[in-house]
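Visitor: UniProt numbering applies: residue 1 is where the sequence shown begins, and numbers increase by one. Pasting a structure below so you can have a look.
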Amino acid sequence: MKCPYCGNPDTRVIDSRPAEDNSSIRRRRSCDECGKRFTTYEKVETIPLIVIKKDNNREQYERAKIENGVLNACYKRPVPAEEIQKTIDAIELSIFNREEKEIPSSEIGEIVMENLKTLDPVAYVRFASVYREFKDANTFMDELKKFLR
Numbered sequence: 001m002k003c004p005y006c007g008n009p010d011t012r013v014i015d016s017r018p019a020e021d022n023s024s025i026r027r028r029r030s031c032d033e034c035g036k037r038f039t040t041y042e043k044v045e046t047i048p049l050i051v052i053k054k055d056n057n058r059e060q061y062e063r064a065k066i067e068n069g070v071l072n073a074c075y076k077r078p079v080p081a082e083e084i085q086k087t088i089d090a091i092e093l094s095i096f097n098r099e100e101k102e103i104p105s106s107e108i109g110e111i112v113m114e115n116l117k118t119l120d121p122v123a124y125v126r127f128a129s130v131y132r133e134f135k136d137a138n139t140f141m142d143e144l145k146k147f148l149r
């Protein structure tokens, strides 16, 4: 593993253990050249998941898109970064636990909304307003009423 600080191609593993999500291995590494330490994560490579968009186009699943959606929904909310990452991990786990090669984007959106409901109600409504494409205040109020029940 190449050192991210000095570029030395030879580093050694100091500690290795399962990551918090138990789906990857967390490794602490040390560079013999500059002496700095860093962490890497090792995951099993799987067959790429294909997302079926609303217009029936297909594209490869990208975790970054879910991260962006959740981060935007939680913008300026009192939600710790660690909780946001745990939520993103839980969303991704739900998606991959379906063991399907293709998944509609609408199912991903529903999974994200379910997880945001428990994370932060305002983040949930923000995400829902974009995902469900609220056209007016009445649509927005209908969603709020569903949430409050």
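Just so you know, even glycine gets a beta-carbon here, dropped at the ideal spot from N, CA and C.
#1: Return the Cβ separation of arginine 77 and alanine 128 in integer angstroms, given the expectation that the two are a contact with Cβ distance under 8 Å.
#2: For lysine 65, does the three-state DSSP call read helix, strand or coil?
#3: Note down the Cα distance separating isoleucine 103 from lysine 53, rounded to an integer number of angstroms.
#4: What are the start and end residues of the alpha helix (DSSP H) that includes arginine 37?
#5: Which of the three DSSP states is assigned to valine 13 in this structure?
#6: With a floor of 4 residues, list each alpha helix (DSSP H) that falls wholly inside the UniProt domain "ATP-cone" (49-139), ordered by position along the chain.
#7: Which value, in whole angstroms, describes the spacing of the CA atoms of isoleucine 47 and alanine 137?
#8: Applying the criterion that 16 or more other CB atoms from any shown protein chain within 10 Å of the CB defines a buried residue, is threonine 87 buried or exposed?
#9: If I follow the unbroken beta strand (DSSP E) through arginine 26, where does it start and stop?
#10: Identify, in the order they occur along the chain, each residue of the same chain with its Cβ nearer than 7 Å to the Cβ of glycine 109, setting aside the five sequence neighbours on each side.
#11: Using a Cβ-Cβ cutoff of less than 8 Å, which residues in the same chain neighbour isoleucine 66 once the five nearest sequence positions on both sides are dropped?
#12: Identify the residues that DSSP records as bridge partners of proline 18: which are they?
#13: Methionine 1 by DSSP, collapsed to three states: which one?
#14: Short of 7 Å in beta carbon distance, which residues of its chain neighbour aspartate 60, apart from the five on each side in sequence? Order them along the chain.
Guide: The answer reads as follows:
#1: Not confirmed; about 14 Å, so no contact.
#2: helix
#3: 9 Å
#4: Arginine 37 -> not in any alpha helix (DSSP H); beta strand (DSSP E) instead, spanning 37-43.
#5: strand
#6: 63-73, 81-97, 105-119 and 121-131
#7: 42 Å
#8: buried
#9: 24-31
#10: Tyr131
#11: Ile88, Ile91, Glu92, Ile108 and Val112
#12: Ile25
#13: coil
#14: First, the residue type needs correcting, since residue 60 is glutamine and not aspartate in the sequence shown. Taken in chain order, the residues that qualify are Pro48 and Ile50.
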